[in-house]
Ligand code: NAP
Ligand code: F7E
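Numbering (the numbering used here), first residue to last: 16 to 363.
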């Protein structure tokens, strides 16, 4: 039986990947960090919490990562843990550099010392391309990061390549474009919208405040994307791959489609609030996944319209169950209204 160690198992991708690997017959280990309140809702939601071996570790403590390797003795490491919210990276730039950037080296060093035969997946990001593009992006497109998060991810990208070339470690960068799901964190724009639309449709809320409606993103479906991570590590040679849908849409279009789904007019509920504008934003992203299709046989299954349906329907279903008094693991009831949060980095 193959063993996999997943960092970031409590996050969106970690939970879906764990489920996928369990179904493939893997023994799955995941690192989680000690928090004052347990944070396993996604694993419970997918019904896999009891099938996972949890190891306490933190990315800023490299010995805890080495210890996690010793405990799990994995064939494959999927390094997904990060401070993953671009907005927060402007507020915690140094912390993001350490957690999202330098910790990739800690993980690779731990692998190099413990067992360099372990295969390594790095969760790279389309954010490394940054702002200023209007062309479809592939593995050879130039990088120009536009946030502390993107700069940290670009460091992680290069250190992964360096360990591949210098030490012959089977290390791959998955350059994943945005991917969403009902398990997406509530601060990301798609889930912020689907959750608000569900509440508005049920009379629990009336308005939705957003930032840059013109930003374009290539949005895919997270369960499709975690399969690509696995497929990269099964190929004969390590490489870097763009994972995307090849379609791009504005935040405005995402809003419009979500409100359409419940028969409402988005313009009656959505207001622009500069608190949700970033100091610099990436205005256009669209990915070309040809290499992934040709080399590892990966293609997206769920595209924009279906993604909208999946997300709105699931948030509606959850709030309806909540109104009927049902209790089940889910993030939204405990999430603060974002207007309560003070942002220091508003664009004037
Ligand atoms: P996510 O939901 O925010 O999950 C992040 C995970 O990292 C959580 O499990 C979190 O633990 C963990 N983590 C954060 N700081 C940590 C620390 N100091 N020590 C240990 N664990 C820590 O992110 P995601 O959407 O699943 O994304 C997975 C990875 O792919 C991330 O690296 C992200 O940057 C990257 N990525 C995401 C996308 C996307 O569209 N989703 C696209 C490209 C790349 P807690 O639960 O305790 O917070
Ligand atoms: O923003 C705009 C915002 O926070 C998307 C992460 O998974 O994907 C994600 O990063 C766009 C931006 O995701 C609001 O300004 C407008 O232009 O959902 P997001 P992101 O920044 O693209 C990449 C690939 C990653 O690697 C990251 O880890 O939407 N936008 N109004 C807003 N965004 C938010 N969050 N909230 C708003 O109210």
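We put the CB at the ideal spot given by N, CA and C, even for glycine.
Beta-carbon proximity check, residue i vs residue j, cutoff 8 Å
i           : j           : result
residue 255 : residue 146 : no
residue 136 : residue 189 : yes
residue 119 : residue 98  : no
residue 194 : residue 240 : yes
residue 234 : residue 100 : no
residue 67  : residue 58  : yes
residue 47  : residue 24  : yes
residue 274 : residue 212 : yes
residue 112 : residue 163 : yes
residue 157 : residue 169 : no
residue 63  : residue 34  : yes
residue 198 : residue 27  : yes
residue 306 : residue 253 : no
residue 257 : residue 341 : no
residue 105 : residue 293 : yes
residue 90  : residue 133 : yes
residue 327 : residue 225 : no
residue 217 : residue 338 : yes
residue 186 : residue 116 : no
residue 36  : residue 245 : yes
Which listed residue (the options) has its alpha carbon closest to that of residue i
i           : options               : result
residue 181 : 204, 312, 131 and 108 : 131
residue 32  : 237, 260, 195 and 315 : 237
residue 348 : 56, 16, 45 and 21     : 56
residue 30  : 80, 95 and 90         : 95
residue 88  : 314, 20 and 301       : 20
residue 227 : 267, 284, 183 and 140 : 267
residue 311 : 357, 70, 242 and 356  : 242
residue 79  : 122, 177, 165 and 65  : 122
residue 215 : 41, 225 and 334       : 334
residue 232 : 259, 258, 263 and 338 : 263
residue 41  : 116, 18, 202 and 53   : 18
residue 346 : 330, 283 and 165      : 330
residue 202 : 105, 221, 352 and 154 : 352
residue 152 : 313, 338 and 302      : 302
residue 177 : 83, 223 and 124       : 124
residue 284 : 325, 107, 221 and 187 : 221
residue 249 : 282, 93 and 350       : 93
residue 332 : 209, 265, 223 and 279 : 209
residue 308 : 49, 261 and 150       : 261
Exposure label - residue i; buried when at least 16 CB within 10 Å
i           : result
residue 323 : buried
residue 128 : exposed
residue 22  : buried
residue 316 : exposed
residue 51  : exposed
residue 139 : buried
residue 219 : exposed
residue 247 : buried
residue 142 : buried
residue 276 : buried
residue 300 : buried
residue 357 : exposed
residue 85  : exposed
residue 206 : buried
residue 71  : exposed
residue 45  : buried
residue 336 : exposed
residue 204 : buried
residue 272 : buried
residue 175 : buried
residue 109 : exposed
residue 278 : exposed
Counterpart residues of residue i in DSSP-defined beta bridges
i           : result
residue 250 : Bridge partners of residue 250: none, in fact.
residue 139 : 190
residue 42  : 18
residue 145 : Answer is none; residue 145 lacks a bridge partner.
residue 93  : 21 and 136
residue 232 : 264
residue 302 : 152
residue 114 : Answer by DSSP bridge pairing: none, since residue 114 is not bridged.
residue 317 : For residue 317, which the question treats as bridged, DSSP gives no partner whatsoever.
residue 285 : 223
residue 70  : 46
residue 256 : 189
residue 195 : 236
Residue i beta carbon near ligand 3 (any heavy atom closer than 7 Å)
i          : result
residue 60 : Among the ligands modelled here, namely ligand 1 and ligand 2, ligand 3 does not occur.
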